[in-house]
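Quick notes on the structure that follows.
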Amino acid sequence: MPSENSSPMAPGGSMAELFRRFEAQTAAGDAERLAAFYAPAFLMAGPAGAQVVKAGDLAAAIPKRRQLFDAAGVKQGTTFNFWALAGRRDEWITMAQILQQDLQKIGLNLSIQRSDVSTWLAKFFPAGKRYPNTIIANYFSMPPNPTYALKQGQFGSCECNWKNTTFESLALKAPGVVDLPERQKVYNTMQQIFSSYAPVMVIAHQTNIVAHQRSVQNAWEDAQGNVHLEEARNSG
22 MPSENSSPMA
32 PGGSMAELFR
42 RFEAQTAAGD
52 AERLAAFYAP
62 AFLMAGPAGA
72 QVVKAGDLAA
82 AIPKRRQLFD
92 AAGVKQGTTF
102 NFWALAGRRD
112 EWITMAQILQ
122 QDLQKIGLNL
132 SIQRSDVSTW
142 LAKFFPAGKR
152 YPNTIIANYF
162 SMPPNPTYAL
172 KQGQFGSCEC
182 NWKNTTFESL
192 ALKAPGVVDL
202 PERQKVYNTM
212 QQIFSSYAPV
222 MVIAHQTNIV
232 AHQRSVQNAW
242 EDAQGNVHLE
252 EARNSG
């Protein structure tokens, strides 16, 4: 967990406080403070694969945001779409609102759209559809079984429309490899391929917060955010 000094929202703080601090630091052009707060929440893709953004690199990039978008061919006034679900995952909307405010400062727009599950899925499934300027609000979780975790990067599973022939063949091969060291080699190769291409750009991180009384023991949360109460008991 981040310390109080490095976290964008101190323990016990409110989302309003997060927005206030973000707004004040952005308006003041305090790139160093912004980088210290927010750099660990971003990933970058490069020749070495996906990795956490360094605070120093983010600090250098913040004053050049407009120039970086220009270099990428994004014209002034461009509108991006944040495609989210209605009635759930409100924390995604908070992320989108932060991004929306920041983009407006450099002449770009973000339209936050929420829809029912069927409409949301129809945007990018079946695989192969095109949806430019769209940020899909989804989560990439890691189930305990690596075979199924890595399969999320396969064509048809990931809305990124990424398709790598070698990765696809290894994903089919992995479940049938009985020898554990040999299966691990397959996993390692798949991870290296996925990391080098970085088909998914992670713009924010979240955690599923589960509250329970201190008297409840042995409750736990798996990598997919599911709460397990099989062995839970109330000690109070």
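Number 257 marks the last residue of the sequence shown (my numbering); no jumps. In this text, a Cβ means the ideal position worked out from N, Cα and C, and glycines have one as well. Remember, it's a predicted structure, so these values are computed and weren't measured experimentally.
Residue environment analysis places residue 230 among the exposed positions, since fewer than 16 neighbouring C-beta atoms fall within 10 angstroms of its C-beta. Counting along the chain, the unbroken beta strand (DSSP E) around residue 100 starts and ends at 100–106. A Cβ-Cβ contact shorter than 7 Å links residue 253 with residue 240. Residue environment for residue 83: buried (at least 16 other C-beta atoms within 10 angstroms of its C-beta). The residue among 112, 128, 101, 104 with its C-alpha nearest the C-alpha of residue 86 is 128.
Distance from residue 218 to residue 185 at the Cβ level is roughly 7 Å; contact confirmed, criterion being Cβ atoms closer than 8 Å.
Beta-bridge analysis with DSSP links residue 131 to 101. Membership of residue 83 in any alpha helix (DSSP H) is not indicated, and neither H nor E is assigned to it by DSSP.
By the Cβ-count criterion, residue 150 is exposed, with fewer than 16 other Cβ atoms from all chains shown falling within 10 Å of its own Cβ. In this structure, residue 222 and residue 171 do not form a Cβ contact; the two beta carbons are roughly 18 Å apart against a cut-off of 8 Å.
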